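*Asks:* The numbering of the first sequence is our numbering, which starts it at 23 and goes up by one.
C-beta: ideal position from N, C-alpha, C; glycine also.
Please read these numbers as outputs of a predicted model, since none were measured by experiment.
Following this message is one structure expressed as structure tokens.
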Amino acid sequence: MRIPIKEVTPETAQAEVIGWVHEVRDLGGLTFFLIRDRTGILQVTIPKKKVGEEVLATVREVSKESLVRVRGSVKAIEKAPGGRELVPESFELLARSESPLPLDVVEKVPADLDTRLDARFLDARRPRVTAIFQIRSAVIRTVYDYLFARDFVNITTPKVVAAATEGGTELFPIAYFEKEAFLNQSPQLYKQMMMAAGFERVFEIGPIFRAEEHNTTKHLNEATSIDIEVSFADHRDVMELLEDLILHIYHTVQDRCAGPLEVLDIGELTIPDTPFDRLPYPDAIEMAAGATGEAIAYGDDIGTIAEKAIGEMIGSHYFITDWPTSIKPYYAMPYDDDPTVCKAFDLMHPRMELSSGAARVHQHDLLVRQIRAKGLSPENFEFYLAPFRYGMPPHAGWGLGAERLVMTMLGLGNIREAVLFPRDRHRLTP
RNA sequence: GCCCAGGUAGUGUAGUGGCCCAUCAUGUCGGCCUGUCACGCCGACGACUCGGAUUCGAAUUCCGACCUGGGCGCCA
Numbered sequence: 023m024r025i026p027i028k029e030v031t032p033e034t035a036q037a038e039v040i041g042w043v044h045e046v047r048d049l050g051g052l053t054f055f056l057i058r059d060r061t062g063i064l065q066v067t068i069p070k071k072k073v074g075e076e077v078l079a080t081v082r083e084v085s086k087e088s089l090v091r092v093r094g095s096v097k098a099i100e101k102a103p104g105g106r107e108l109v110p111e112s113f114e115l116l117a118r119s120e121s122p123l124p125l126d127v128v129e130k131v132p133a134d135l136d137t138r139l140d141a142r143f144l145d146a147r148r149p150r151v152t153a154i155f156q157i158r159s160a161v162i163r164t165v166y167d168y169l170f171a172r173d174f175v176n177i178t179t180p181k182v183v184a185a186a187t188e189g190g191t192e193l194f195p196i197a198y199f200e201k202e203a204f205l206n207q208s209p210q211l212y213k214q215m216m217m218a219a220g221f222e223r224v225f226e227i228g229p230i231f232r233a234e235e236h237n238t239t240k241h242l243n244e245a246t247s248i249d250i251e252v253s254f255a256d257h258r259d260v261m262e263l264l265e266d267l268i269l270h271i272y273h274t275v276q277d278r279c280a281g282p283l284e285v286l287d288i289g290e291l292t293i294p295d296t297p298f299d300r301l302p303y304p305d306a307i308e309m310a311a312g313a314t315g316e317a318i319a320y321g322d323d324i325g326t327i328a329e330k331a332i333g334e335m336i337g338s339h340y341f342i343t344d345w346p347t348s349i350k351p352y353y354a355m356p357y358d359d360d361p362t363v364c365k366a367f368d369l370m371h372p373r374m375e376l377s378s379g380a381a382r383v384h385q386h387d388l389l390v391r392q393i394r395a396k397g398l399s400p401e402n403f404e405f406y407l408a409p410f411r412y413g414m415p416p417h418a419g420w421g422l423g424a425e426r427l428v429m430t431m432l433g434l435g436n437i438r439e440a441v442l443f444p445r446d447r448h449r450l451t452p
């Protein structure tokens with residue numbers, strides 16, 4: 023019976039494992055194999071004079087990264103990694119690996135990210151990469167657990183759509199029979215429509231597509247968005263939910279991912295303090311001006327340099343609130359007493375934006391006016407506007423970038439490290 | 001979209017006009033080695049993105065193409 027490598031302990035008597043040949047050290051009369059599966063690495067020691075001829079014959083055939091099944095007795099040996107080693111009675115080659123390898127799994131020689139992504143299946147055999155995706159999986163699971171526990175309904179909305187959500191961002195056009203269609207940039211309109219349906223609390227974790235030709239370490243053309251929408255809530259409510267969720271994710275990863283964190287040389291995650299600072303937009307641009315010496319006009323976006331300067335000063339997660347209505351989407355709710363300011367917010371990590379959200383406009387006529395004010399045509403949004411005429415509750419929500427969350431949590435240098443098969447300006451395969 | 005940088009063995013690199021039929025490491029192959037843990041030692045194999053130009057001579061300079069990385073704008 024095959025067991026995971028991490029279950030082979032110094033106390034184990036007999037074991038059978040299946041894994042990839044991580045490394046071979048042939049000392050002549052004695053050969054050491056390191057066999058790796060997703061749970062760890064086991065040393066297999068072959069004293070050539072003491073093992074059978076069949077074992078020796080197979081050992082000669084084996085190349086690095088071949089898949090092997092090894093069965094034998096386990097010995098507690100202090101010198102061996104993990105304090106134990108396996109001496110094989112049988113050693114089978116299940117699938118031979120070609121050589122040379124497209125990249126060095128053991129990482130004696132580093133590989134460029136581009137080379138690694140070309141051979142992602144091999145790259146992902148590296149314990150570091152495996153660890154990142156184990157943690158990413160834990161993050162996503164935590165989000166599901168957290169939201170289900172709070173009565174959220176999971177929904178799935180179309181990724182093939184007829185019209186842009188917000189104007190602004192470029193969309194990928196696709197051929198949809200005789201019609202023009204696009205890949206969705208956000209589930210925004212659909213999750214709002216489900217507020218009209220009375221679902222009250224919905225969430226979706228799914229792909230979003232942006233056709234922007236950016237070429238940076240924090241942008242993807244296909245990303246994963248964690249999106250929620252809540253009825254009878256305002257921006258303050260969903261900001262609290264967001265910071266609590268972030269905190270909960272950090273704690274859960276810290277508790278449940280000790281192994282992967284150790285592989286990544288992260289002993290302790292730096293768990294952010296809550297509540298996060300709420301920094302109104304006017305204060306944010308003032309801070310940025312003070313730090314960079316470059317004034318930002320009210321109504322201008324906060325650029326990357328300003329964003330980094332503020333991030334350095336605050337040093338932790340923070341919200342930027344009370345944005346000018348002019349630079350936020352039409353669905354962000356303006357304040358009653360000053361409609362030039364809206365109830366939108368961005369959640370920032372010192373390195374980059376993680377999330378943006380808002381209390382939404384739920385009044386049909388106001389929404390139409392705001393769509394027009396952005397230079398868009400309400401006629402193109404009729405499917406979206408109709409629900410606002412039939413009892414739309416007040417609501418609020420946000421979208422959180424899953425890759426950016428993982429990236430900032432683990433201190434990854436490039437967002438592509440947080441996706442198995444990234445889609446960027448130049449990469450469409452694998 | 002704008003700007004900058006770069007393409008040298010399977011992988012990562014050195015090399016800024018002749019010292020380069022190209023450095024080092026890793027890898028692969030062969031040999032030696034019974035406690036390695038980046039095992040060690042000996043030997044071999046393997047590369048200048050493509051096209052054009054300048055020059056006595058180009059990996060090196062220039063032009064074009066293709067590919068890549070990064071910054072910015074914008075955004076999650």
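Where does Met-374 sit, in a helix, a strand or coil, going by DSSP?
*Replies:* Along the first sequence, read from residue 1 onward, the residue named residue 374 stands at position 352. Correct three-state label for Met-374: strand.
*Asks:* Which residue from Phe-199, Arg-138 and Ile-57 puts its Cα closest to that of Val-109?
*Replies:* Residue mapping note: residue 109 aligns to position 87 of the first sequence, counting from 1. When only C-alpha atoms are compared, the closest one is Ile-57.
*Asks:* Taking contact to mean at least 3 C-beta pairs separated by less than 8 Å, is the region 136-151 in contact with the region 214-229?
*Replies:* no
*Asks:* What does the alpha-carbon distance come out to for the pair Lys-240 and Ile-157?
*Replies:* One-based indexing of the first sequence puts residue 240 at position 218. One-based indexing of the first sequence puts residue 157 at position 135. Computed Cα separation, rounded: 19 Å.
*Asks:* How is the alpha helix (DSSP H) around Asp-305 delimited, first residue to last?
*Replies:* Residue mapping note: residue 305 aligns to position 283 of the first sequence, counting from 1. Run containing Asp-305: 303-314, per the alpha helix (DSSP H) assignment.
*Asks:* Given a threshold of 16 other Cβ atoms within 10 Å of its Cβ, counted over all protein chains shown, does Arg-426 qualify as buried or as exposed?
*Replies:* In the first sequence, counting from the first residue as 1, residue 426 sits at position 404. Buried, by the Cβ-count rule.
*Asks:* Could you check whether the region 190-199 touches the region 290-304, counting it as contact only if at least three pairs of C-beta atoms, one from each stretch, sit closer than 8 Å?
*Replies:* no
*Asks:* May I have a chain-ordered list of the beta strand (DSSP E) segments no shorter than 3 residues that lie completely inside the region 191-256?
*Replies:* Whole beta strand (DSSP E) segments, 3+ residues: 195-198, 201-205, 223-231 and 244-253.
*Asks:* Count the other CB atoms, across all protein chains shown, that sit within 10 Å of the CB of Val-428; report buried if there are 16 or more and exposed otherwise.
*Replies:* Here residue 428 is taken as the residue at index 406 of the first sequence, counted from 1. Under this definition Val-428 is a buried residue.
*Asks:* Give the list of continuous beta strand (DSSP E) stretches no shorter than 3 residues that lie fully inside the region 34-117.
*Replies:* 36-48, 52-59, 62-69, 89-98 and 106-117
*Asks:* I need the straight-line Cα distance from Ala-117 to Met-23, nearest angstrom please.
*Replies:* Counting from one through the first sequence, the residue named residue 117 turns up at place 95. Counting from one through the first sequence, the residue named residue 23 turns up at place 1. Taking the straight line joining both Cα atoms gives about 19 Å.
*Asks:* Would you kindly report the start and end of the unbroken beta strand (DSSP E) that includes Tyr-340?
*Replies:* Here residue 340 refers to the residue found at position 318 when the first sequence is read from its first residue. Element bounds for Tyr-340: 340-346.
*Asks:* Is Arg-373 near Thr-430, with beta carbons less than 7 Å apart?
*Replies:* On the first sequence, residue 373 is found 351 positions in, with the first residue counted as 1. On the first sequence, residue 430 is found 408 positions in, with the first residue counted as 1. Yes; because the gap between Cβ atoms is below 7 Å, this pair is in contact.
*Asks:* Counting C-beta neighbours from all protein chains within 10 Å, is the total for Leu-450 16 or more, i.e. buried, or is it exposed?
*Replies:* Within the first sequence, the letter at position 428 stands for residue 450. Its Cβ having fewer than 16 others within 10 Å, Leu-450 is exposed.
*Asks:* Does the separation of the CB atoms of Pro-32 and Gly-105 fall below 7 Å?
*Replies:* Locating residue 32 in the first sequence gives position 10, counting from the first residue. Locating residue 105 in the first sequence gives position 83, counting from the first residue. Contact: yes.
*Asks:* Counting Cβ pairs closer than 8 Å, one from the region 132-144 and one from the region 242-254, do we hit at least three?
*Replies:* no
*Asks:* Out of Glu-316, Gln-276 and Ile-40, which has the shortest C-alpha to C-alpha gap to Leu-291?
*Replies:* Locating residue 291 in the first sequence gives position 269, where the first residue counts as 1. Checking every option, the nearest Cα to that of Leu-291 belongs to Gln-276.
*Asks:* What are the boundary residues of the alpha helix (DSSP H) that Gly-281 is part of?
*Replies:* Here the question's residue 281 lines up with position 259 in the first sequence. 280-285 is the span of the alpha helix (DSSP H), which, as asked, contains Gly-281.
*Asks:* Unbroken alpha helix (DSSP H) runs of length 4 or more, entirely within the region 388-433: which are they?
*Replies:* 404-407 and 424-432
*Asks:* Between Tyr-168 and Leu-267, is the Cβ-Cβ spacing less than 7 Å?
*Replies:* Here the question's residue 168 lines up with position 146 in the first sequence. Here the question's residue 267 lines up with position 245 in the first sequence. Closer than 7 Å, so yes.
*Asks:* Measure the Cβ-Cβ separation of Phe-341 and Phe-298 and say whether it is below 7 Å.
*Replies:* Within the first sequence, the letter at position 319 stands for residue 341. Within the first sequence, the letter at position 276 stands for residue 298. Yes, these two residues count as a Cβ contact at 7 Å.
*Asks:* So does the region 437-447 actually touch the region 396-408, counting three or more Cβ pairs closer than 8 Å?
*Replies:* no
*Asks:* Measure the C-alpha to C-alpha separation of Lys-330 and Ser-378 and round it to an integer number of angstroms.
*Replies:* Walking along the first sequence from the start, residue 330 turns up at place 308. Walking along the first sequence from the start, residue 378 turns up at place 356. Going from the Cα of Lys-330 to the Cα of Ser-378 covers about 17 Å.
*Asks:* Near Pro-69, which residues of its chain fall below 8 Å by C-beta distance, leaving aside the five closest residues on each side in sequence?
*Replies:* Taking the first sequence and counting its residues from 1, one reaches residue 69 at position 47. Excluding positions up to five away in sequence, the list reads Gly-51, Leu-52 and Val-109.
*Asks:* What does the alpha-carbon distance come out to for the pair Phe-410 and Leu-422?
*Replies:* For this step, residue 410 is matched to residue 388 along the first sequence. For this step, residue 422 is matched to residue 400 along the first sequence. Looking at the two C-alpha atoms, the distance is approximately 25 Å.
*Asks:* Are the CB atoms of Pro-356 and Cys-364 within a distance shorter than 7 Å?
*Replies:* By 1-based counting over the first sequence, the position of residue 364 is 342. By 1-based counting over the first sequence, the position of residue 356 is 334. Yes. Within cutoff.
*Asks:* Here's a check: name, in chain order, each residue in its chain whose Cβ is nearer than 7 Å to the Cβ of Leu-49, leaving out the five neighbours to either side.
*Replies:* The residue given as residue 49 occupies position 27 in the first sequence. Contacts found: none.
*Asks:* State the DSSP-derived secondary structure class of Pro-124, mapped to helix, strand or coil.
*Replies:* The sequence position of residue 124 within the first sequence is 102, counting from 1. It is coil, neither helix nor strand.
*Asks:* Within its chain, find whatever has a CB closer than 7 Å to the CB of Val-128; leave out the 5 residues flanking it on each side and keep chain order.
*Replies:* Taking the first sequence and counting its residues from 1, one reaches residue 128 at position 106. Once the five neighbours on either side are set aside, the close Cβ partners of Val-128 are His-44 and Glu-45.
*Asks:* CB-CB under 6 Å to Ala-185, same chain, minus the five flanking residues each way: which ones, in chain order?
*Replies:* Working through the first sequence from its first residue, we reach residue 185 at position 163. Closer than 6 Å at the Cβ level, and outside the excluded window around Ala-185, lie Asn-402.
*Asks:* Sorted by chain position, which residues of the same chain lie with C-beta nearer than 8 Å to Ile-288's C-beta, five sequence neighbours on each side aside?
*Replies:* Residue mapping note: residue 288 aligns to position 266 of the first sequence, counting from 1. Excluding sequence neighbours, Ile-288 sits near Leu-432 and Gly-433.
*Asks:* Taking all protein chains shown into account, decide if His-384 is buried (16 or more other Cβ within 10 angstroms of its Cβ) or exposed.
*Replies:* Against the first sequence, residue 384 aligns to sequence position 362. When all chains shown are included, His-384 counts as buried.
*Asks:* Pop quiz: Arg-447 and Glu-235 are said to be a contact at Cβ under 8 Å. What is the actual Cβ separation, rounded to whole angstroms?
*Replies:* Locating residue 447 in the first sequence gives position 425, counting from the first residue. Locating residue 235 in the first sequence gives position 213, counting from the first residue. Taking the Cβ atoms as the reference, Arg-447 lies roughly 6 Å from Glu-235, within the contact range of under 8 Å.
*Asks:* For Leu-291, which of helix, strand or coil comes out of DSSP?
*Replies:* The count along the first sequence starts at 1 and reaches residue 291 at position 269. Three-state result, Leu-291: coil.
*Asks:* According to DSSP, is Gly-333 helix, strand or coil?
*Replies:* Residue 333 sits at position 311 when you count from the first residue of the first sequence. The answer is helix: DSSP assigns Gly-333 an H, G or I state.
*Asks:* Determine the direct distance from the alpha carbon of Leu-388 to that of Thr-326, and round the result to whole angstroms.
*Replies:* In the first sequence, the residue the question calls residue 326 occupies position 304. In the first sequence, the residue the question calls residue 388 occupies position 366. If you take the alpha carbons of Thr-326 and Leu-388, they lie about 32 Å apart.
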